[in-house]
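Residue numbers (this note's numbering): 18 to 183.
Note that the Cβ used here is the ideal one computed from N, Cα and C, for glycine as well.
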């Protein structure tokens with residue numbers, strides 16, 4: 018269980034780096050596709066680089082983020098194979114990892130950073146969005162979150178089955 022929690026933390030760190038790289042450094046409007054309409058309307062389509070190589074640094078951060086998240090899944094599978102996990106042990110490990118990641122997404126990103134402007138995260142990079150941030154935004158994407166959670170179960174079942182083949 019400790020390994021599963023550590024792998025979940027790896028995925029959370031990766032998700033945060035993904036947000037930081039995309040919103041803070043690459044600053045491409047397409048990274049706001051999942052943001053509330055009010056925020057998308059406030060954010061400019063393009064922003065100039067604050068320093069030379071800013072966008073390249075953002076893409077490096079994004080690559081590291083995907084490596085962290087993918088690495089957590091690979092390490093979780095490898096550890097389970099090494100310890101002769103059965104299907105349900107793999108299933109439980111991966112579903113816990115994804116549900117904790119979703120809880121982090123909802124609790125930290127949506128509630129803290131977006132609705133409460135925690136750490137002044139979004140306004141630091143996009144001061145234009147400060148007036149539209151607020152508690153009323155919480156839950157704007159609940160259907161998407163619910164769809165993700167529903168899709169976790171067949172995806173994790175498939176991944177668990179593949180892991181039991183090794």
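Using DSSP with H/G/I as helix, E/B as strand and the rest coil, what is residue 53? Counted from its first residue, the chain shown places residue 53 at position 36. Coil, per DSSP.
Label residue 21 either buried or exposed according to how many other C-beta atoms from any shown protein chain fall within 10 Å of its C-beta, with 16 as the threshold for buried. Counted from its first residue, the chain shown places residue 21 at position 4. Classification of residue 21: buried, given that the 10 Å Cβ count is 16 or more.
Excluding five sequence neighbours on each side, which residues of the same chain lie with their C-beta closer than 7 angstroms to the C-beta of residue 110? Residue 110 sits at position 93 when you count from the first residue of the chain shown. Hits under 7 angstroms: 21, 93, 97.
Please report the straight-line C-alpha distance between residue 105 and residue 26, rounded to a whole angstrom. As a position in the chain shown, residue 105 is number 88, starting the count at 1. As a position in the chain shown, residue 26 is number 9, starting the count at 1. For residue 105 and residue 26, the distance between alpha carbons rounds to 21 angstroms.
With a CB to CB cut of under 6 angstroms and the five nearest residues on each side skipped, what residues in its chain are close to residue 169? For the purposes of this step, residue 169 is taken as the residue at position 152 of the chain shown. Only 115 meet the Cβ criterion.
Check whether the stretch 73 to 80 and the stretch 42 to 52 are in contact - that is, three or more C-beta pairs closer than 8 angstroms. yes
Would you grab the beta carbon distance between residue 173 and residue 126 for me? Rounded to a whole angstrom, and I think it's under 8 angstroms. One-based indexing of the chain shown puts residue 173 at position 156. One-based indexing of the chain shown puts residue 126 at position 109. The Cβ separation is near 22 angstroms, so there is no contact.
Beta-carbon proximity check, residue 146 vs residue 60, cutoff 7 angstroms: As a working note, residue 146 is residue 129 in the chain shown. As a working note, residue 60 is residue 43 in the chain shown. Against a cut-off of 7 angstroms, the Cβ pair of residue 60 and residue 146 comes out as a contact.
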